[in-house]
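K.L.:
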Amino acid sequence: MNSAISQPPAKRPRADHDEDEYPLLLKCTRSAPWFEDGNIVLEAEKVQFKVYKGILAANSAIFRDMFAIAQAQGEELVDGCPLVHLGDKSQDLAHVLEALYDSSKWLDDSFEKRKQMPLAVAEGFLRLGRKYEIDHIRNQAVQRLAVIFPSDLKKFRKPLSHIPRTHPIAISA
């Protein structure tokens, strides 16, 4: 007797859960900041951030108004918190949230003490600072870029002569 005929074909073992049962867990990644006791999850480009509504609302009139609107029944939940889908770049959102939740990273009132800011961070601050009306975030990027790109034509024509050696922005992507 042929042993290949008597053996049932090898099957893939059944998973403990169905993909349809946990669609968000399989398709999205969690990123910092992710606070275990946060009360809202923001998602951009399939990257999720669990943060606090109060901090967002205190810094942004747009978020404050968004949270004031009553949530619909049957809303999507992640980790027990409402999920808000945003059409922003996940890196931009990560940079802005990092600044909001760890202000020592980029936000310093003393220009001389500021850390170098990569251009990608400045771009994110400009985009989302304007979109969500987070003025102090937007202003951080504007102030740094104003030194690099002055409004005075004479200063602009003298390449880099107007930029202090200790300028806190790194022109790199």
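Be aware that the sequence shown starts at 1, since it is given in the UniProt record's numbering, and climbs by one per residue.
A virtual CB, placed ideally from N, CA and C, is assigned to each residue, including glycine.
Would you check if the region 77-87 and the region 42-49 touch, i.e. whether three or more CB-CB distances between them fall below 8 Å?
P.N.:
Taking 8 Å as the limit for Cβ pairs, the verdict is that the region 77-87 does touch the region 42-49.
K.L.:
For residue 53, tell me which candidate among 46, 61, 67 and 47 has the shortest Cα-Cα distance.
P.N.:
Residue 53 has its Cα closest to that of 67, out of 46, 61, 67 and 47.
K.L.:
Given a threshold of 16 other Cβ atoms within 10 Å of its Cβ, counted over all protein chains shown, does residue 80 qualify as buried or as exposed?
P.N.:
Exposed is the call here.
K.L.:
Roughly how many whole angstroms lie between the Cα atoms of residue 58 and residue 130?
P.N.:
Going from the Cα of residue 58 to the Cα of residue 130 covers about 16 Å.
K.L.:
Figure out for me which residue from 76, 27, 78 and 127 has the closest Cα to the Cα of residue 95.
P.N.:
Of the listed residues, the one whose Cα sits closest to residue 95 is 127.
K.L.:
Would residue 47 count as contacting chain D if we go by Cβ distances under 7 Å?
P.N.:
Given the protein chain composition of this structure (a single chain), no chain D is represented.
K.L.:
What ranges does the alpha helix (DSSP H) occupy inside the region 74-143, keeping only unbroken runs of at least 4 residues that lie completely in it?
P.N.:
90-101 and 119-131, all fully within the region 74-143.
K.L.:
How close, in whole Å, do the beta carbons of residue 97 and residue 51 come, if the pair is a contact with beta carbons under 8 Å?
P.N.:
Contact holds; Cβ gap of about 6 Å.
K.L.:
Using beta-carbon positions only, say whether residue 146 and residue 125 come within less than 7 Å of one another.
P.N.:
No; because the gap between Cβ atoms is not below 7 Å, this pair is not in contact.
K.L.:
Can residue 132 and residue 60 be called in contact, C-beta distance under 7 Å?
P.N.:
A contact, by the Cβ cut-off of 7 Å.
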